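Undergrad: Taking my numbering, I'd label the letters of the sequence shown as residues 83 to 298.
Just so you know, even glycine gets a beta-carbon here, dropped at the ideal spot from N, CA and C.
A quick note: this is a predicted structure, and the numbers were derived from the prediction, not measured.
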Amino acid sequence: MMRRYRTLFLDLDDTLYPSGNGVWDAIGDRINQYMLERHGIPSEKIPELRDSYFRNYGTTLHGLMVHHGADPGDYLNFVHDIPLDEYLQPNPELKAMLSRLPQQLVIFTNASRDHVHRVLQCLDIAGHINAIVDIETMELHHKPQPRAYQIALEIAGEDNARACVLIDDRIENLLPGASLGMTTVHVKDMIIDGPADFHIPSITDLLSAIPQLVED
Ligand SMILES: [Mg+2]
């Protein structure tokens, strides 16, 4: 029998490691610092602007490019410049699970390529990842823009979205994949009702949710 799933698209931040471990707060502090130092945006305006850019454009970067002419390379280097090894440790359970999966494993993230490599190193899973679709390879397209999913499929060399599983901690990022026919997995430590095919509290619960990934 033909295996149903050939490709897994894995989000990176807050998906391959638990949210609330400090990484996102540290990146958030760097984003605030960037807006203040590089663009002179007053501190008291920053939270509201970040929220509005994120809601209207999908990323803070996109809003900063449109309204402040931000340079994307400079932004990405600046905000990801955090001591990752203070927050992330090797995850042997995750590594063991990834080593069992016969599908091609593709990181699909709005973060920069450099950040992806560093996170994979810290978690000690770099050797199990077959491809990386990051914001630079997407030429600044980003989830949840539909174009991002087309680019991800192209880079993965995958012509059938139904053979793909999309894994992300944000429901908004799962929706465009679902409309293409991907199976969607929402990773969140609290269960939120949302239109995903599966909800799991941690990435290491993936095989209990979809045992056929390794069974066919
Ligand atoms: Mg995420």
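1. DSSP has Thr191 in a bridge; who is on the other side?
2. Drop a sphere of 10 angstroms on the beta-carbon of Asn192, count the other beta-carbons inside from all chains shown, and report buried for 16 or more, exposed for fewer.
3. Gln186 by DSSP, collapsed to three states: which one?
4. Quick one: what's Thr266 bridged to in DSSP?
5. What is the DSSP secondary structure of His210, reduced to helix, strand or coil?
6. Based on the DSSP secondary-structure assignment, which residues constitute the bridge partners of Leu295?
7. Can you tell me whether DSSP reads Ile274 as helix, strand or coil?
8. Should Lys270 be labelled buried (16 or more other beta-carbon atoms within 10 Å of its own) or exposed?
9. With a CB to CB cut of under 7 Å and the five nearest residues on each side skipped, what residues in its chain are close to His150?
10. If contacts are defined as beta-carbon pairs under 8 Å, then Ser101 and Asp241 qualify, I think. What distance do you get, rounded to the angstrom?
11. Between which two residues does the alpha helix (DSSP H) carrying Ile237 extend?
12. Measure the alpha-carbon distance for Leu222 versus Ala230 and round it to whole angstroms.
13. Compare the beta carbon distance of Leu187 and Ile217 with 8 Å and say whether it is the shorter of the two.
14. Classify Val201: buried if its beta carbon has 16 or more other beta carbons within 10 angstroms, exposed otherwise.
15. Please name the residue in Gly110, Leu256, Asn138 whose C-alpha comes closest to that of Pro129.
16. Does the beta carbon of Asp96 fall short of 7 Å from some heavy atom of ligand 1?
17. For Thr141, does the three-state DSSP call read helix, strand or coil?
18. Taking only the alpha-carbon atoms, compute the straight-line gap between Gly263 and Ala243 and give it to the nearest angstrom.
TA: According to the structure shown:
1. Thr191 pairs with nothing; no bridge assigned.
2. buried
3. strand
4. Leu248
5. helix
6. Paired residue(s): none; Leu295 is not in a bridge.
7. coil
8. buried
9. His121
10. That pair is no contact at about 33 Å.
11. 228-238
12. 9 Å
13. no
14. buried
15. Gly110
16. yes
17. coil
18. 5 Å
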